[in-house]
Every structure is written in C-alpha cells, then in structure tokens.
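In order, the protein sequences belong to chains A and B. So in the numbering used here the end of the first sequence lands on 92, straight run, no missing numbers. So in the numbering used here the end of the second sequence lands on 321, straight run, no missing numbers. Ideal Cβ placement from N, Cα and C applies to all residues, glycine included. Beneath this line is the structure, given in structure tokens, with notes to follow.
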Amino acid sequence: DAGVTQSPTHLIKTRGQHVTLRCSPISGHKSVSWYQQVLGQGPQFIFQYYEKEERGRGNFPDRFSARQFPNYSSELNVNALLLGDSALYLCASSFYTNEKLFFGSGTQLSVL
Amino acid sequence: GESVGLHLPTLSVQEGDNSIINCAYSNSASDYFIWYKQESGKGPQFIIDIRSNMDKRQGQRVTVLLNKTVKHLSLQIAATQPGDSAVYFCADSQFYFGTGTSLTVIP
C-alpha cells in the first residue's frame, strides 16, 4: 500500500520567491496536516485540513497558505520566502482529525 | 500556551537494556497523546498512543504510561535493539510535538 507521498523531495529557492509543496495522503484518509521541522527540533504544526476545510492553523505568518483538493491531496504554499523558511516540510494524513498521523518523508526546502 | 517537552535531549543505553523516555505536558485539557519515532532522513513514524481515560497501554516491546496528576507520560522500550536508535517525540494530540529525545543504542 502506498504511504503518504510528497513532492518534490528537495527544493532550492532564493529569498523572495514562492514555493508550492504537494502531498498525497494514504488512500481513504480524509485529513491532511502540514508541519515544519527545523534541524534538531520537533515538527511545528502549520495547518490541518479535513474534508477540504481548514480545521486548524498554527502560529505561522500569512505567507503560508494551504488547500485540500476533492481527491484529498493537498498543497502548501509559501510566499516571499525568507532564509528562516529553510526546513523540512512534513505532510501527514489520517482518517479523521485527532488521530495518529502517518507522515511522508518530507520536502527539504533550502532558501538561499 | 500548550506545550510538550521531553526531559532529556539524549539517552544512551546498552543493547538489551530497557529504555525510558519521559515527557511532560502543560495543558490539563489534553486528552490524547502519541509517541513517534523518527529515523534520519525519514518522517516520524507512529509507535503508540494513549487517551486520557487510560493510565497504561502496551504494544510490542513498548509501553506508554500516563500520569494525569503530574501531567507526565513516559515511553518504555523493552530489550532495546540497535534498530531502536532514533529520535523519539511525544505529541499532544495532532498539533504539538516535543523537542525530541535522541536514543542511541550501544551494541
């Protein structure tokens, strides 16, 4: 069975650019969540979507946005990239909210 | 605000010994806790979870204990193996992760 898939695996951008990260959940999962993980720290919650509606938002600026599509896949968009946005971006899925999460391997974003 | 924190950033144990990783949380209303394991280059992987109506839950070689009085939970790994070497996170529901404990198993 396919797990959570994320694309791309690695990405290099420059300051001020925009980036779109993509995630496909496990088949049957209706909830997708996004996390930012800086080296040496735990994942920081960015967004949660369930049935295409935003169910939670972490303490991130408005430069971060996301959406979930009818097939339950999701995109995370980050505008006006800063050096501090360099991190591993993780996507996770679950059947419903408030359940254990299944994570993808992440997208490593480097902002130069 | 809500937070979870692990007591030790690193832990080294001999192969075959038992490991105990501790975590504290601050939100008294928290009702669901999850332990994850993250190996290098991978996303976190679910280990075991526990809801607040339980004090203990066991899995294969792992046990989670929850003490709601002092807002503390622990992960116990029996007969630790080299493959258990990883960073372990406790999470309060789906939103808040601790900083992680790096477990090293010495052969």
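Check, Outcome
"Tell me the DSSP secondary structure of glycine 297 of chain B in three-state form.", "helix"
"Decide if glycine 215 of chain B is buried, meaning its Cβ has at least 16 other Cβ atoms within 10 Å, or exposed.", "In this predicted model, glycine 215 of chain B has a pLDDT of only 44, less than 50, meaning its place in the structure is not dependable; the value taken from the coordinates is given anyway. Under this definition glycine 215 of chain B is an exposed residue."
"Assess, as a yes-or-no matter, whether the segment 222 to 236 of chain B is touched by the segment 46 to 57 of chain A under the definition of 3 or more beta carbon pairs within less than 8 Å.", "no"
"Strictly by DSSP, which residues pair up with lysine -7 of chain A?", "A:Val91"
"Given a threshold of 16 other Cβ atoms within 10 Å of its Cβ, counted over all protein chains shown, does glutamine 274 of chain B qualify as buried or as exposed?", "exposed"
"Assuming contact is defined by CB atoms lying nearer than 8 Å, are serine 13 of chain A and glutamine 24 of chain A in contact in what I supplied?", "no"
"Between which residues of its own chain and serine 90 of chain A is the CB-CB distance below 6 Å, once the five residues before and five after are set aside?", "Ile(-8) and Ser66"
"Identify the contact partners of phenylalanine 309 of chain B in chain E, using a Cβ-Cβ distance below 9 Å as the criterion.", "Considering every chain present, this structure includes no chain E. Its protein chains are A and B."
"Identify the residues that DSSP records as bridge partners of glutamate 55 of chain A: which are they?", "A:Arg2 and A:Arg47"
"Helix, strand or coil, according to DSSP, for aspartate 208 of chain B in the structure here?", "For residue 208 of chain B there is no data in the structure shown, the boundaries of chain B being 215 and 321."
"Under the three-state reduction of DSSP, which class applies to glycine 8 of chain A: helix, strand or coil?", "coil"
"Any heavy atom of the ligand COA closer than 7 Å to the beta-carbon of alanine 292 of chain B?", "As far as ligands go, the structure on display features none, and thus does not contain the ligand COA."
"Could you spell out the range, first to last residue, of the beta strand (DSSP E) harbouring lysine 251 of chain B?", "246 to 252"
"Taking just the CA atoms, how far does asparagine 241 of chain B sit from phenylalanine 75 of chain A?", "25 Å"
"Name the chain A residues whose beta carbon is nearer than 7 Å to that of glycine 257 of chain B?", "Leu70, Phe83, Gly84, Ser85 and Gly86"
"Under three-state DSSP, which class holds aspartate 231 of chain B?", "coil"
"Quick one: give me the first and last residue of the beta strand (DSSP E) that isoleucine 79 of chain A is part of.", "Residue identity differs from the one stated: residue 79 of chain A is glutamate in this sequence, not isoleucine. Looking at the DSSP string, glutamate 79 of chain A is not in any beta strand (DSSP E), and its letter there is neither H nor E."
"Would glutamine 16 of chain A pass as an interface residue toward chain B - the criterion being a Cβ-Cβ separation below 8 Å?", "no"
"Can you find a CB in chain A that lies within less than 8 Å of the CB of glycine 314 of chain B?", "yes"
"Please list, in chain order, all residues of the same chain as tyrosine 239 of chain B whose beta carbon is under 6 Å from its beta carbon, the five residues on each side excluded.", "Val218, Lys285 and Asp306"
"Closer than 8 Å by beta-carbon distance: list the chain B residues that pair up with glycine 64 of chain A, in chain order.", "Correct list: empty, because the minimum Cβ distance to chain B is about 18 Å."
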